[in-house]
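Numbering (UniProt numbering), first residue to last: 1 to 92.
Beta carbons: idealized from backbone N, C-alpha and C, even for Gly.
Keep in mind it's a predicted model, so treat the numbers as computed, not measured.
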């Protein structure tokens, strides 16, 4: 599972952001995240109404991806973040 909050520049690391601010985007949508993951060749299933346990008041949603190799999750998250920056553009 890869939550949209992982890429939100409005959140701090303690609030769930997993990428550095240089790779984060301002309020990324689940559709942006889906497009970014598909652009790097991942098969994606989007779950919109999900609430991340760290932020139960927000329905940020997540994408579920199938692992294509033995990469660590953080490596996969960084690759999706780079693709997301290409899709959303550089400004945060």
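Cβ distance (whole Å) where residue 88 is taken to contact residue 39 below 8 Å: Not really, about 12 Å apart at Cβ, beyond 8 Å.
9 Å Cβ cutoff met for residue 77 and residue 45: no
Selected residue, minimal CA-CA separation from residue 59, among 23, 10 and 30: 30
Per DSSP, the bridge partner or partners of residue 8: 25
Unbroken beta strand (DSSP E) run spanning residue 65, endpoints: 62-65
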